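K.L.:
First the structure, which I've put down as structure tokens, then a few questions once you've had a look.
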Amino acid sequence: MKVLFNTYPVAFDCPGGGEVQLMECKAALERRGIEVLLYDPWQPQFDQVDVVHFFSVQGGSIPFCRHVKNRGLPLAISPILWLGENKYDYALKEIGALLELCDVVLPNSRAEGKLLANWYKLPESKFAPVVNGVDDRFFAKGDPLIFCERFGIETPFLLNIANIEPRKNQKRLIQASRDLEMLVILAGRIRDEAYWKECQEYMHPGVRYIGPLEYASDLHSSAYAACKGFILATRLETPGLAALEAAAQGVPLCITSEGCAEEYFGEHPHYVDPQSVESIRAGLKAVCGMERSPELARLVKRRYTWDEAGRQLHEVYTRLV
852 MKVLFNTYPV AFDCPGGGEV QLMECKAALE RRGIEVLLYD PWQPQFDQVD VVHFFSVQGG
912 SIPFCRHVKN RGLPLAISPI LWLGENKYDY ALKEIGALLE LCDVVLPNSR AEGKLLANWY
972 KLPESKFAPV VNGVDDRFFA KGDPLIFCER FGIETPFLLN IANIEPRKNQ KRLIQASRDL
1032 EMLVILAGRI RDEAYWKECQ EYMHPGVRYI GPLEYASDLH SSAYAACKGF ILATRLETPG
1092 LAALEAAAQG VPLCITSEGC AEEYFGEHPH YVDPQSVESI RAGLKAVCGM ERSPELARLV
1152 KRRYTWDEAG RQLHEVYTRL V
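The structure is reproduced here in structure tokens:
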């Protein structure tokens, strides 16, 4: 079997969780003996593949997906989407057209699938949830000294790893962390410069920005090993790869209530209202007093690996062809 992967044109200009998902699914499928091609507009590829899998429903995706169907190929779409309070920020009509056009929708959770099915009045039978996963390197505890020595950190800290953009809600996190008796470290690429300037207006000595970490590097793993807790108080998550990576090491989680995190993590995290600075502040204080959870780490290793995602995808592709 051969599968063609594609996503929206500028996805890898500032890659985030969706792009990690795409590449990790590619690797997992290849471990199962499935050949995965990455779309190359300079090469003819459609005659070589059995299935096309498109990641994301960002604006501008419809011409490619229509061409796939005009070529008579099965089309799977991973929307990587949660329609919460910010749903009108999205091209809702185009998203609906994409979901109707494809043969199967691959949400990252049952909750995401049900939400999209209800909103667009699509049959739930069209949805086949496929889990997000964790790179195996995160299941082995990193060396905390690598991170602390690299950045000169000598006190306990809470960690946030996310691209800097409104959806990731760093501005409210910075506001909520004022007067907290623990350092908050922000890591990630700056995806929205204007938003980062807003965030900087609220910066204080209790917050430090260190830039992006190389994905799955020793430094990245060390950050999870070193932190007291992990914070992802974002406007929505499905459920957030960084949260899964932290959970793989049993790190205490403070995570948004908006999205499907509860379906993944159950009662382990402290959930917060991403619209409320006070709720986030309460979550920060709560996670400061939490201990690492071997049970949470076992849960993630049992259910949320890229090999499991690859197995689920293989089953879906087999049905399509």
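Residue 879 in the numbering used here sits at position 28 of the sequence shown; the count goes up by one each step and never skips.
Each residue gets a CB set at the ideal place from its N, CA and C atoms; glycine is no exception.
Model, not experiment: these values are computed from the prediction.
(1) On the DSSP letters alone, give me the boundaries of the alpha helix (DSSP H) that K920 sits inside.
(2) Please confirm if the region 968-982 is in contact with the region 1000-1019, defined as three or more CB-CB distances below 8 Å between the two stretches.
(3) Check the C-beta distance from A1099 over to V1151 and give it rounded, since I have them as a contact under 8 Å.
(4) In whole angstroms, give me the CA-to-CA distance for D954 and H904.
(5) For the alpha helix (DSSP H) holding G947, just list the boundary residues, first then last.
(6) What did DSSP end up calling N1014 once you bin it into helix, strand or coil?
(7) Between the Cα of F989 and those of A1013, Q1026, K944, S1068, spot the shortest distance and give me the residue it belongs to.
(8) From D1158 to L1164, what distance separates their C-alpha atoms?
(9) Looking at the secondary structure, which residues open and close the alpha helix (DSSP H) in which N1175 lies?
(10) Where does D986 land, buried or exposed, given buried means 16+ other C-beta within 10 angstroms?
(11) With DSSP collapsed to three states, give me the class of L957.
(12) Assuming V854 and V919 are in contact, meaning their beta carbons sit under 8 Å apart, how far apart are those beta carbons, in whole angstroms?
(13) Tell whether a beta-carbon distance below 7 Å holds between G869 and S912.
(14) Check each candidate in I1036, C1111, Y1122 and name the one with the smallest Cα separation from A1133.
(15) Considering only the beta carbon of each residue, do Q1021 and C1050 sit closer than 7 Å?
(16) Any chance you could list the alpha helix (DSSP H) runs of at least 4 consecutive residues sitting entirely within the region 855-917, in chain order?
(17) Cutting at 7 Å between CB atoms, please list the residues of its own chain near E875, excluding the five before and the five after it.
(18) Would you call the CB atoms of E963 and C1111 closer than 7 Å?
(19) Whole-angstrom Cβ separation of T1085 and K1019, contact assumed at under 8 Å?
(20) In whole angstroms, what separates the C-alpha of G867 from that of D1030?
(21) Using 8 Å for Cβ pairs, my map puts G1161 next to L873. What's the rounded Cβ distance?
(22) Buried or exposed, going by whether 16 or more other CB atoms sit within 10 Å of the CB of Q909?
(23) Under the three-state reduction of DSSP, which class applies to E1142: helix, strand or coil?
(24) Counting pairs of beta carbons, one from the region 1037-1047 and one from the region 1058-1067, are three or more of them closer than 8 Å?
(25) For Y1168 and P895, what's the separation of their Cα atoms in angstroms?
(26) Just mark N921 as buried or exposed, buried being the case when its beta carbon has 16 or more other beta carbons within 10 Å.
(27) Between T858, C916, C865, which lies nearest to G947 when the distance is taken from Cα to Cα?
(28) Where does E1037 fall in DSSP's three states?
(29) Apart from the five residues on each side of it in sequence, which residues of its chain come closer than 8 Å, Cβ to Cβ, to H1119?
(30) Roughly how many angstroms lie between the CA atoms of E945 and I931, to the nearest whole one?
(31) Can you give me the C-alpha to C-alpha distance between L966 and L1083, rounded to a whole angstrom?
P.N.:
Put simply:
(1) 913-921
(2) no
(3) 5 Å
(4) 10 Å
(5) 943-952
(6) coil
(7) S1068
(8) 10 Å
(9) Because the chain here runs from 852 to 1172, residue 1175 falls outside it and cannot be looked at.
(10) buried
(11) coil
(12) 12 Å between Cβ atoms; not a contact.
(13) no
(14) Y1122
(15) yes
(16) 868-882
(17) G984, D986, W1157
(18) yes
(19) 5 Å
(20) 30 Å
(21) Actually they are not in contact, since the Cβ atoms of G1161 and L873 sit about 12 Å apart, beyond 8 Å.
(22) buried
(23) coil
(24) yes
(25) 21 Å
(26) exposed
(27) C916
(28) Residue identity check: residue 1037 is Leu in the sequence provided, not Glu. Three-state DSSP puts L1037 in a strand.
(29) A1098, L1104, S1144, E1146, L1147, L1150
(30) 15 Å
(31) 21 Å
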